[in-house]
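Sequential numbering of the sequence shown, starting at 1, is according to UniProt numbering.
C-beta: ideal position from N, C-alpha, C; glycine also.
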Amino acid sequence: MPDKKTPVIVVKKSRPKPPAAEPLLPEPHTDAGVAVKSAVPPVPVAAAENAAPLTRKPFNKQARKNRAKMAHFARTFPALWPDFDKGTFRPMKVGIKEQVKEYIEAHPDCGMTFGQWVQAVRVVTGRIDYQRCVKEGEPRYGIHGEPAGVVSAREAEYARLRVARIKARLDAYRDAREKKQHDA
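Right under this line is the structure:
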């Protein structure tokens with residue numbers, strides 16, 4: 001009769017977290033670039049051992065990817081948003097997908113696929129900065145920077161509602177984060 005195999009349970013220990021490499025709070029600077037001593041008193045050693053570290057979390061991996069997609073989009077079509085570096089956007093024309101698809105098919109060496117473009121547009125149009133630029137009567141632009149239509153009242157109202165939703169989501173996130181920090 002064959003022996004019955006018993007399951008083996010492996011328990012792994014969690015590794016201790018390394019100490020924070022960056023300072024807990026940034027040093028304030030003056031115009032001359034010289035660091036100024038902070039008025040905040042240092043935290044006692046005993047209290048620091050029991051408290052959670054105050055370091056900023058590194059930026060979310062998805063946020064880094066989104067920033068990279070937006071930057072790649074702005075480099076591929078620089079005439080659409082000439083002031084992208086400053087964080088200013090211009091409304092895109094209705095039906096820009098067809099124009100982009102034709103451009104990417106005609107220029108396969110542009111460094112962007114249509115799927116990457118769609119992802120970048122979702123990131124851009126979901127931003128509060130973009131929705132704020134969609135105002136009634138403002139011109140819309142094509143990928144080469146040429147004006148192509150204007151924003152209608154209905155589109156402007158929809159953008160205003162999206163701004164309100166984004167603000168509500170950000171406020172809820174901030175409230176939850178503050179509550180979590182307060183409870184900790």
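Endpoints, beta strand (DSSP E) assigned at residue i
i	result
residue 140	139-141
residue 148	147-150
Spatial distance of residue i from residue j (CA atoms)
i	j	result
residue 169	residue 116	26 Å
residue 162	residue 108	34 Å
residue 124	residue 99	18 Å
residue 87	residue 14	42 Å
residue 94	residue 171	31 Å
residue 164	residue 114	30 Å
residue 136	residue 159	10 Å
residue 41	residue 183	The pLDDT assigned to residue 41 is 44, lower than 50, so where the model puts this residue is not dependable, and the model offers no usable value.
Distance CB(residue i)-CB(residue j) smaller than 8 Å
i	j	result
residue 149	residue 79	no
residue 119	residue 69	yes
residue 82	residue 138	no
residue 155	residue 134	yes
Residue i (DSSP reduced to helix, strand or coil)
i	result
residue 112	coil
residue 22	Confidence in residue 22 is poor, its pLDDT being 49 and thus under 50, which makes the residue's placement unreliable; the coordinate value appears in the next sentence. It is coil, neither helix nor strand.
residue 7	coil
Segment limits, alpha helix (DSSP H) that includes residue i
i	result
residue 79	Residue 79 -> no alpha helix (DSSP H), and no H or E assigned at all.
residue 182	153-183
residue 132	128-133
Per the contact definition of three or more C-beta pairs closer than 8 Å, is the region 134-143 in contact with the region 173-181?
no
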